[in-house]
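Peer 1: Before I ask anything, here is the structure I am working with.
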Amino acid sequence: MSALTQTRAAAALRPAAALRPAAVLRRRGRADAVIAPLITLVVLVSLWQIAAWASPLREDLFPGPAAVAAKLPELLADGTLLSAVGTSLFRALSGFVIAVLVATPAALLLAHLPLLRKGLGPLVSAMQVLPSIAWVPAAIILFGLSDATIYTVLLLGAIPSIINGLLSGIDMIPAQYSALSRVLGASRRQHIVHVELPAALPGYVAGLRQGWAFAWRSLMAAELIAVGGSLALGVGSLLQRGRDLADLPLVMLVILVILLVGVLIELLCFAPLERKLLRDRGMTRTGENHG
Numbered sequence: 133m134s135a136l137t138q139t140r141a142a143a144a145l146r147p148a149a150a151l152r153p154a155a156v157l158r159r160r161g162r163a164d165a166v167i168a169p170l171i172t173l174v175v176l177v178s179l180w181q182i183a184a185w186a187s188p189l190r191e192d193l194f195p196g197p198a199a200v201a202a203k204l205p206e207l208l209a210d211g212t213l214l215s216a217v218g219t220s221l222f223r224a225l226s227g228f229v230i231a232v233l234v235a236t237p238a239a240l241l242l243a244h245l246p247l248l249r250k251g252l253g254p255l256v257s258a259m260q261v262l263p264s265i266a267w268v269p270a271a272i273i274l275f276g277l278s279d280a281t282i283y284t285v286l287l288l289g290a291i292p293s294i295i296n297g298l299l300s301g302i303d304m305i306p307a308q309y310s311a312l313s314r315v316l317g318a319s320r321r322q323h324i325v326h327v328e329l330p331a332a333l334p335g336y337v338a339g340l341r342q343g344w345a346f347a348w349r350s351l352m353a354a355e356l357i358a359v360g361g362s363l364a365l366g367v368g369s370l371l372q373r374g375r376d377l378a379d380l381p382l383v384m385l386v387i388l389v390i391l392l393v394g395v396l397i398e399l400l401c402f403a404p405l406e407r408k409l410l411r412d413r414g415m416t417r418t419g420e421n422h423g
């Protein structure tokens with residue numbers, strides 16, 4: 133075999149050889165993403181149970197994981213827990229969709245109207261840092277104990293974060309993109325759809341993630357306070373029921389359910405979206421593809 137033939141053969145094999153370690157690292161990264169949180173969870177639950185056994189307090193004042201888990205069959209048997217989770221998830225998801233539909237055009241409007249942004253930008257940022265629970269009394273006065281109260285608090289909690297996330301993404305777009313878009317004769321709509329929004333995706337996704345977190349927290353605050361009337365029982369309302377009954381195991385169980393929903397939404401929606409976004413841009417998150 134000539135030297136030229138050997139060189140060509142080596143060049144043809146090199147990409148395949150380079151891909152194998154990368155694939156192994158990706159599989160290892162996905163496994164670590166599952167195993168590490170599970171190990172952490174097992175350790176924390178074990179420490180919690182040991183602390184409960186060692187505590188001088190009664191079990192109803194410092195329940196361990198076993199006492200909390202004992203509440204689960206009761207709530208599953210009568211359908212209370214599943215109904216409450218379903219109600220809260222429907223409110224959260226539908227409210228989040230509405231928030232995205234409102235916040236996205238609002239952010240684009242602010243991005244393209246500097247004077248309007250100067251006037252409303254500080255207000256949007258102020259609303260983002262305002263605890264959403266502060267809106268609950270006003271919403272109850274205006275709308276009573278109804279779903280309108282719940283959705284008002286949820287939207288006021290989520291919309292500012294999504295607006296600021298998209299604005300931040302647009303602000304980070306290199307000026308050359310806009311200049312090239314103009315040179316190519318793109319219309320305003322074409323520039324927004326094909327240049328601005330794709331380039332602003334990292335900031336937009338970060339805003340969506342934070343908007344969801346604020347929506348979920350706002351919903352829990354609203355359901356915790358706005359109880360009764362025509363309102364269906366949500367997870368926050370179940371938390372309030374546990375407080376009224378002085379049932380700490382029930383309260384702890386509901387808190388764990390709230391955390392679980394948040395973690396599942398993150399793992400099933402936002403984490404894969406972020407990975408795809410980074411992969412499409414040839415980037416990785418800190419800590420990935422190492423070791």
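Heads up: the sequence shown begins at 133 in our numbering, then just goes up one per residue.
Note that beta-carbon positions come from the ideal geometry of N, C-alpha and C, so glycine has one too.
1) What residue range is occupied by the uninterrupted alpha helix (DSSP H) comprising I273?
2) Taking P464 as part of the alpha helix (DSSP H), name the residues at either end of that continuous run.
3) Sorted by chain position, which residues of the same chain lie with C-beta nearer than 8 Å to L409's C-beta, five sequence neighbours on each side aside?
4) Can you give me the C-alpha to C-alpha distance between L370 and V256, rounded to a whole angstrom?
5) Just to confirm, are A331 and I294 a CB contact at a threshold of 7 Å?
6) Quick one: Cα of I324 to Cα of V177, how far?
7) Helix, strand or coil for P188 per DSSP?
8) Work out the CA separation of A307 and A354 for me, nearest whole Å.
9) Mark S264 as exposed unless 16 or more other C-beta atoms lie within 10 angstroms of its C-beta, in which case mark it buried.
10) Whose CA, out of L399, D412 and R413, lies closest to the CA of L170?
11) Within 10 angstroms of the Cβ of G301, are there 16 or more other Cβ atoms? Answer buried if so, exposed if not.
12) Tell me, please, whether the region 197 to 208 touches the region 261 to 275 by the rule of three or more beta-carbon pairs shorter than 8 Å.
13) Is the region 236 to 250 in contact with the region 373 to 388, if contact means three or more CB pairs nearer than 8 Å?
14) Any idea if Q260 is buried or exposed, counting beta-carbon neighbours within 10 angstroms, 16 or more meaning buried?
15) On a Cα-Cα basis, can you pick out the residue from L248, L286, G218 and A258 that is closest to A364?
Peer 2: Checking against the coordinates, here is how it stands:
1) Numbered from 1 along the sequence shown, position 141 holds the residue referred to as residue 273. Start and end: W267 to F275.
2) Beyond the ends of the chain as shown, which are 133 and 423, falls residue 464; an answer cannot be given.
3) Indexing the sequence shown from 1 puts residue 409 at position 277. Around L409: L333, P334 and V337.
4) The residue given as residue 370 occupies position 238 in the sequence shown. The residue given as residue 256 occupies position 124 in the sequence shown. When rounded, the distance between both Cα atoms is 32 Å.
5) Walking along the sequence shown from the start, residue 331 turns up at place 199. Walking along the sequence shown from the start, residue 294 turns up at place 162. No, the pair does not count as a contact, with Cβ atoms beyond the cut-off.
6) Residue 324 sits at position 192 when you count from the first residue of the sequence shown. Residue 177 sits at position 45 when you count from the first residue of the sequence shown. I324 and V177: Cα-Cα distance of roughly 48 Å.
7) Numbered from 1 along the sequence shown, position 56 holds the residue referred to as residue 188. In the structure shown, P188 sits in coil (DSSP, three-state: anything other than H, G, I, E or B).
8) Within the sequence shown, residue 354 is the residue found at index 222, counting from 1. Within the sequence shown, residue 307 is the residue found at index 175, counting from 1. One C-alpha to the other measures close to 42 Å.
9) Within the sequence shown, the letter at position 132 stands for residue 264. Flag for S264 reads buried.
10) Start at 1 with the first residue of the sequence shown, and residue 170 comes out as number 38. For the residues L399, D412 and R413, the minimum Cα distance to L170 belongs to L399.
11) In the sequence shown, residue 301 corresponds to position 169, counting from 1. By the 10 Å Cβ count, G301 comes out buried.
12) Contact between the region 197 to 208 and the region 261 to 275 is not established, with fewer than three Cβ pairs separated by less than 8 Å.
13) No, the region 236 to 250 does not touch the region 373 to 388.
14) By 1-based counting over the sequence shown, the position of residue 260 is 128. Label assigned to Q260: buried.
15) The residue given as residue 364 occupies position 232 in the sequence shown. Restricting attention to L248, L286, G218 and A258, the CA atom closest to the CA of A364 is found in G218.
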